[in-house]
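The structure under discussion appears below in the form of structure tokens.
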Amino acid sequence: MVRDRKTISILAEEIVNRGMSVPAIFFFESTKYISFIGSQFLVFLGPMATCFINNQKYYNFVELLEDRNNIEFLLSEIENLNIKAQQ
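Take the position in the sequence shown, starting the count at 1, then add 263; the result is the number in the numbering used here.
Right, dumping it as structure tokens:
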């Protein structure tokens with residue numbers, strides 16, 4: 264659980280550092296209710312996607328998307344980091 268929070272925090276930092284806060288918040292807010300279905304679709308695409316990216320990181324990300332609470336935490340982290348970056 265702590266490892267998941269740390270991973271989500273790192274992802275939020277990357278999103279904010281790249282200036283993608285607004286699109287990311289819009290995307291995650293609009294898809295958080297179907298995040299489980301999306302994660303299962305990513306499992307389906309896994310064999311093809313892992314040809315190009317790290318297998319372990321991909322499936323860790325899929326596991327994080329399965330839980331809506333993780334999406335909520337990601338959104339709050341992005342918003343908090345975005346507020347700090349604007350100050």
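All C-beta atoms in this analysis are idealised placements derived from N, C-alpha and C, irrespective of residue type, glycine included.
Val325 and Ser302 do touch by the CB rule: their CB atoms are close to 5 Å apart, below 8 Å.
Check the Cα spacing between Glu335 and each of Phe291, Asp267, Val279 and Arg266: the tightest is with Phe291. Ala348 counts as exposed, since fewer than 16 other C-beta atoms from the protein chains shown sit within 10 angstroms of its C-beta. Looking at Ala287, Asn343, Leu344 and Leu305, the one whose alpha-carbon comes closest to that of Leu328 is Leu305. When DSSP assignments are scanned along the segment 304-331, the uninterrupted stretches of alpha helix (DSSP H) that are 4 or more residues long and fall wholly within it turn out to be 318-329.
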